[in-house]
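To start, the structure itself, in structure tokens.
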Amino acid sequence: MAVPTSRPTTAARTDARARPGPRPALSGAERCLAVIDYLLVVYRRTWRGSIIERFLSPVFFLLSMGVGLGALVDRRSGGVGGVPYLEFVVPAIVATQAMWVAMGESTYQVLGYIKWNMAYHAMLATPLGVRDVLVGHLLAVAGHMTVATAIFMAVAALFGGFSSWWALLCLPVAVLTGMAFAVPIFAFTARQEGDSGFNILFRFVMTPLMLFSGTFFPVGQLPVWMQPVAWLTPLWHGVSASRAASSGDVDWPVLLGHVAVLALFIGAGWWLAVRSFAARLVR
Amino acid sequence: MSDGETTLVRARGLTKTFGGFTAVDGVDFAVTRGECFGFLGPNGAGKSSTMRMVGCVSPVTGGELRLFGLDPATDGPAIRARLGVVPQRDTLDEELTVEENLWIYGRYFGLSRREVRERAGELLDFAQLTERAGDKVEPLSGGMKRRLTIARSLINGPEILLLDEPTTGLDPQARHILWDRLFRLKRSGVTLVLTTHYMDEAEQLCDRLVVMDHGRIVAEGSPQQLIKEYSSREVLELRFDTDEHGEWAPELVGVGERVEVLPDRLLVYADDGDAAASEVHRRGVEPLSSLVRRSTLEDVFLHLTGRSLVD
Ligand SMILES: Nc1ncnc2c1ncn2[C@@H]1O[C@H](COP(=O)(O)OP(=O)(O)OP(=O)(O)O)[C@@H](O)[C@H]1O
Ligand SMILES: [Mg+2]
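Take a look at the structure:
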């Protein structure tokens, strides 16, 4: 028998995957990339619509909240804790809009892949497994969130929303905040039959969170009993981390504390999502 | 030679339950390399549940299942890498183009982008979809979508192709095109496992089949064997001017081997249908119409279960 002198090349390995007999297994990276490839093809068809939205939504936000409301706040009380209102609100809105991207990417599309076009079922008939499908899709969502946040931050910077280069840290913080929502929402969506649950999520979870998690005013302004509630929400941690990151003088312990809580939400969400996906897709 | 080399699929006491409901109730079967093996049965017989276990997407509840000698519970991905699957309901992305659907699916099997493109070209030819390669899937006809699903299932050069009701809902012409493609695949050495509730499809395509009902296998053999074993050579179909065809059954005792009563006709099983027809006439029984035909799997099914396949 011939002794192989070198490792088979990648091409030889992938060619053998379409030939009779046992096939060379896919690496973890290959499995996730295959799922991401599908989502890239999907995005390629839809990016024009979403890119316009990505540019317009920050402009509207900044014009109304930052510039309009900000002028009023700054004139009356000299900003929030000495920080001009625009610089106070922009890092928070960056984190908040990542939450909205998470909502947009983790509901209808995920339910569609489960129920309507059954894209997940197509994947699971191949060597891919539930975890591959989940990791691949979540990574694609994280990528989408990164691009959306970068656009938002670029627009905000043009409006003078940042005062320091440290604000670049808001990008990973926002993606982390978004994923702290996306991963648990994936788990939630996999338990839905129709879209009525999404309305509840939208009206009774996301909207109150945006209003009461310190995005537009410090949580200290809330009634005392509401403040601990804010501490339990990922958005408050995301907003606080984003502010800690953008303030020229980064408060590392505070920043890392909030980041750790966000990571906790992602971890718990992952645990739930794997279970929900398996229960829904493998019967 | 090991068992996994000639017997590609082996099931012993294979069972599937959903909650308290038993969809597949301890079935035994084996599929040999190169053959076309069928599951024939009515709605709810457990065909899809069985196919989904064989496709390693649905965990086995009980019994034993082996593909290529491997256990789906531990080697699911390795087995699926060697299968082609045409599910009962198409799982194409209708927003994407025909060729994008193929490329994407090939990537799931770990094929390179270059290879996926090469193979997609050949498969579109095979599925007679080359002209539609760049078109969106959504407006395609049902037959075209089905052919695309089959082309897609072949992207990894599968050794076994699982087809769950490949032609249900298609018009006769589309079905014949599809059957022709499946014949070609079989000739090229692909092992076919299919389910159907069309007896003509089973007769046309299957070398061997099992008849399923209520989650159980009630008979097994080649179409000819089954017909020989469970039916007569010919059947005399009689229609009467009545709402209750059963009323006429006593008049026909002894004409053939057996009489089956259907809502709209009576079936007399006899090796010589014309002789049976003469005998009916001699007894002075006057049906509205009478027809002699050869026995089919439909008759086998009727005999085994007392019900029609398609209701
Ligand atoms: N996921 C599920 N949960 C609960 N019951 C199920 C599930 N899948 C199938 N069943 C039930 O199991 C039985 C067998 O279904 P199956 O789909 O295997 O039948 P089939 O022979 O493929 O029928 P058809 O010709 O309608 O496709 C049916 O009564 C069905 O309702
Ligand atoms: Mg079925």
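If you're matching them up, the sequences are chains A and B in order. Here my numbering runs 55 ahead of the position in the first sequence, where the first position is 1. Here my numbering runs 70 ahead of the position in the second sequence, where the first position is 1. Note that the Cβ used here is the ideal one computed from N, Cα and C, for glycine as well.
Identity of the residue in Arg298/A, Gly293/A, Ala222/A and Val97/A nearest Thr167/B by Cα: Nearest to Thr167/B by alpha-carbon distance, out of Arg298/A, Gly293/A, Ala222/A and Val97/A, is Val97/A.
Within chain A, the residues that Gly354/B reaches when beta carbons sit closer than 9 Å: For Gly354/B, no chain A residue has a Cβ inside 9 Å of its Cβ, as the nearest lies near 59 Å away.
I'd like to know if Ala57/A contacts chain B, where contact means its C-beta is closer than 8 Å to some C-beta of that chain. Because the pLDDT at Ala57/A is just 46, under 50, the model does not fix this residue reliably, and the value given afterwards should be weighed accordingly. Not a single CB atom of chain B sits nearer than 8 Å to the CB of Ala57/A.
If you measure from the beta carbon of Arg330/A to each beta carbon in chain B, is any gap under 8 Å? For Arg330/A, the answer is no, since every Cβ of chain B falls outside 8 Å of its Cβ.
Roughly how many whole angstroms lie between the Cα atoms of Val190/A and Val280/B? If you take the alpha carbons of Val190/A and Val280/B, they lie about 40 Å apart.
Ignore the nearest five residues each way along the sequence and tell me which others in Trp249/B's own chain have a CB closer than 7 Å to its CB. Around Trp249/B, the same chain offers Gln274 and Leu275 as residues with beta carbons nearer than 7 Å, after the five sequence neighbours per side are excluded.
May I ask you to report which of helix, strand or coil DSSP gives Ile230/B? DSSP places Ile230/B within a strand segment (E or B) once states are collapsed to three.
Under 7 Å from any heavy atom of ligand 1, does the C-beta of Gly64/B make it? In the structure as shown, chain B begins at 71 and stops at 381. Residue 64/B is therefore absent and cannot be evaluated.
Check the Cβ of Leu179/A against every Cβ in chain B and list those closer than 8 Å, keeping chain order. Near Leu179/A (Cβ distances below 8 Å), the residues of chain B are Val127.
Check for me: the alpha helix (DSSP H) holding Lys215/B runs from which residue to which? Counted as a single uninterrupted DSSP element, the alpha helix (DSSP H) harbouring Lys215/B occupies residues Gly212 to Ser223.
Going by DSSP in three states, Ala340/B sits in which element: helix, strand or coil? Three-state DSSP puts Ala340/B in a strand.
Which residues of the stretch 178-210 of chain A have a Cβ closer than 7 Å to any Cβ of chain B? Give them in chain order. Listed in sequence order: Met178, Leu179, Ala180, Thr181, Pro182, Leu183 and Gly184.
Report the neighbours of Gly182/B on chain A: residues whose CB is nearer than 7 Å to its CB, in chain order. As written in the sequence, residue 182/B is Ser, which differs from the Gly given in the question. Near Ser182/B (Cβ distances below 7 Å), the residues of chain A are Ala66 and Thr69.
Which word fits Glu299/B, buried or exposed, when buried means at least 16 other C-beta atoms lie within 10 angstroms of its C-beta? If you draw a 10 Å sphere on the C-beta of Glu299/B, you find fewer than 16 other C-beta atoms in it, and that means exposed.
Does Leu327/A come within less than 8 Å of chain B when only Cβ atoms are used? Using beta-carbon distances, Leu327/A does not count as an interface residue toward chain B, since no partner is under 8 Å.
Are the C-beta atoms of Glu108/A and some chain B residue less than 8 Å apart? Glu108/A does not count as touching chain B.
Is the shortest distance between the beta-carbon of Ala80/A and the beta-carbons of chain B less than 8 Å? Put simply, the CB of Ala80/A is near chain B, with a gap under 8 Å to one of its CB atoms.
Hey, Ala272/B and Gly108/B: beta-carbon distance below 8 Å or not? With a cutoff of 8 Å on beta-carbon distance, Ala272/B and Gly108/B are scored as near each other.
Ordered along the chain, which non-local residues of its own chain (more than five positions away) have a Cβ less than 6 Å from that of Thr312/B? The answer is none, since no qualifying residue turns up.
Taking 7 Å as the cut-off, is the beta-carbon of Asp141/B closer than that to any non-hydrogen atom of ligand 2? No, ligand 2 has no heavy atom inside 7 Å of this Cβ.
So, at 6 Å on beta carbons, what are the nonlocal neighbours of Arg122/B in its own chain, with the 5 sequence-adjacent residues on each side left out? So the qualifying residues of the chain are Ser128.
Of all the CB atoms in chain A, is at least one closer than 8 Å to the CB of Ala81/B? At a cut-off of 8 Å between beta-carbon atoms, Ala81/B makes no contact with chain A.
Coarse secondary structure for Arg48/B, derived from DSSP in three states: Since the first and last residues shown for chain B are 71 and 381, residue 48/B lies out of range.
Terminal residues of the continuous beta strand (DSSP E) containing Lys86/B? For Lys86/B, the enclosing beta strand (DSSP E) has its first and last residue at Thr77 to Phe88.
Compute the beta-carbon to beta-carbon distance between Ala153/A and Thr232/A, rounded to the nearest angstrom, for a pair I have assumed lies under 8 Å. About 5 Å separates the two Cβ atoms, so the contact holds.
Whole angstroms are fine: how far does the CA of Ile91/A sit from the CA of Val196/A? Cα-Cα distance, rounded: 9 Å.
Taking Cys87/A as part of the beta strand (DSSP E), name the residues at either end of that continuous run. Looking at the DSSP string, Cys87/A is not in any beta strand (DSSP E); the run it does join, the alpha helix (DSSP H), is Gly83 to Phe116.
Could you give the residue range of the beta strand (DSSP E) that holds Ile91/B? Looking at the sequence shown, residue 91/B is not Ile but Phe. Boundaries of the beta strand (DSSP E) around Phe91/B: Phe91 to Thr102.
Per DSSP, which one or two residues make a beta bridge with Arg364/B? Residue pairing from DSSP places Arg364/B in a beta bridge opposite Glu304/B.
For the alpha helix (DSSP H) that contains Phe225/A, what are its first and last residues? The sequence shown places Cys at residue 225/A, rather than the Phe named in the question. Where Cys225/A is concerned, the enclosing alpha helix (DSSP H) stretches over Cys225 to Thr244.
Just grab the DSSP bridge partners of Val135/A for me. Note: Val135/A sits in a beta bridge opposite Val138/A.
Taking the beta strand (DSSP E) that Arg136/B belongs to, which residues open and close that run? For Arg136/B, the enclosing beta strand (DSSP E) covers residues Gly132 to Leu137.
Can you list the residues of chain B that Val337/A reaches, using a CB-CB cut of under 9 Å? What Val337/A touches in chain B, judged by beta-carbon distance under 9 Å, is Val127, Ser128 and Pro129, going in chain order.
Going along the chain, which residues put their C-beta within less than 7 Å of some heavy atom in ligand 2? With the cut-off at 7 Å, the residues found are Lys117/B, Ser118/B, Gln158/B, Asp234/B, Glu235/B and Thr265/B.
By the DSSP assignment, the beta strand (DSSP E) with Arg328/B in it spans what residues? DSSP places Arg328/B inside the beta strand (DSSP E), whose first and last residues are Arg328 to Val331.
Compute the Euclidean distance between the alpha carbons of His373/B and Asp98/B, then round it to the nearest angstrom. Note on geometry: alpha-carbon atoms of His373/B and Asp98/B lie some 21 Å from one another.
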